[in-house]
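*Asks:* Structure provided below as structure tokens; questions to follow.
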Amino acid sequence: IVGARNNGGGNPVLEFSIGFNGLDNNATGKPSALVRGDDAVGLTAATAATAVNDGNWHHVAMTRTSAQLISIYIDGAVDGTPVTDTLTAGITVNVLGTNICRDPTNGGIPIFVGLMDDLQVYNRALTSIEVAAIRNGGL
Numbered sequence: 001i002v003g004a005r006n007n008g009g010g011n012p013v014l015e016f017s018i019g020f021n022g023l024d025n026n027a028t029g030k031p032s033a034l035v036r037g038d039d040a041v042g043l044t045a046a047t048a049a050t051a052v053n054d055g056n057w058h059h060v061a062m063t064r065t066s067a068q069l070i071s072i073y074i075d076g077a078v079d080g081t082p083v084t085d086t087l088t089a090g091i092t093v094n095v096l097g098t099n100i101c102r103d104p105t106n107g108g109i110p111i112f113v114g115l116m117d118d119l120q121v122y123n124r125a126l127t128s129i130e131v132a133a134i135r136n137g138g139l
């Protein structure tokens with residue numbers, strides 16, 4: 001859904017997607033996150049356990065803490081097993097927003113079919129309480 005990719009240098013990645021990513025989970029409908037540092041080392045992926053392509057609205061969120069813990073939330077609760085990434089360098093790309101619902105590695109073709117409402121990007125990791133509050137309309 002949202003990604004920051006820099007195809008030059010070390011090819012850092014910060015990507016959160018449903019049904020399209022480097023994990024090749026195209027038909028699962030499960031949200032996933034990819035993270036890789038500026039040195040092209042430390043690729044880590046997290047995938048939710050639950051699919052969201054069931055025709056119903058879902059609140060979907062991804063967080064990455066300063067301790068490098070990646071969590072995916074569906075409808076206000078952690079879904080699947082959080083993973084810790086192994087970055088050896090930071091992510092310094094500043095293109096977040098240019099790749100909303102598009103594949104930046106394939107000419108910017110649209111890769112999301114569906115509707116989105118209230119897309120938000122924060123400059124810090126939200127707590128599980130904050131994610132649940134947003135899902136419930138309280139933050």
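Residue numbers for the sequence shown follow the working numbering, beginning at 1 and rising by one.
Glycine included, every Cβ here is placed at the ideal spot set by N, Cα and C.
Owing to the predicted nature of the structure, the values given are computational and were not obtained by experimental measurement.
Would His59 and Arg124 be called neighbours here (beta carbons separated by less than 9 Å)?
*Replies:* Contact: no.
*Asks:* So, at 7 Å on beta carbons, what are the nonlocal neighbours of Thr65 in its own chain, with the 5 sequence-adjacent residues on each side left out?
*Replies:* So the list reads Ala125, once near-sequence residues are dropped.
*Asks:* What are the uninterrupted segments assigned as beta strand (DSSP E) that are 3 or more residues long and contained completely in the region 41-82, given in chain order?
*Replies:* Here the runs fully enclosed are 44-47, 60-64, 69-74.
*Asks:* When the Cα atoms are used, what is the spatial distance from Ser17 to Ala33?
*Replies:* Rounded to whole angstroms, Ser17 to Ala33 spans 6 Å at the Cα level.
*Asks:* Comparing alpha-carbon positions, which option in Ile129, Thr44, Ala45 lies nearest Val78?
*Replies:* Ranking the options by Cα distance to Val78, first place goes to Ile129.
*Asks:* Could you spell out the range, first to last residue, of the alpha helix (DSSP H) harbouring Arg36?
*Replies:* Segment 31-36 is the beta strand (DSSP E) holding Arg36; no alpha helix (DSSP H) there.
*Asks:* In whole angstroms, what is the alpha-carbon distance linking Glu15 and Val35?
*Replies:* The alpha-carbon atoms of Glu15 and Val35 are separated by roughly 7 Å.
*Asks:* Rounded to the nearest angstrom, what separates Asp75 and Thr44 at their Cα positions?
*Replies:* Each residue's alpha carbon lies about 23 Å from the other.
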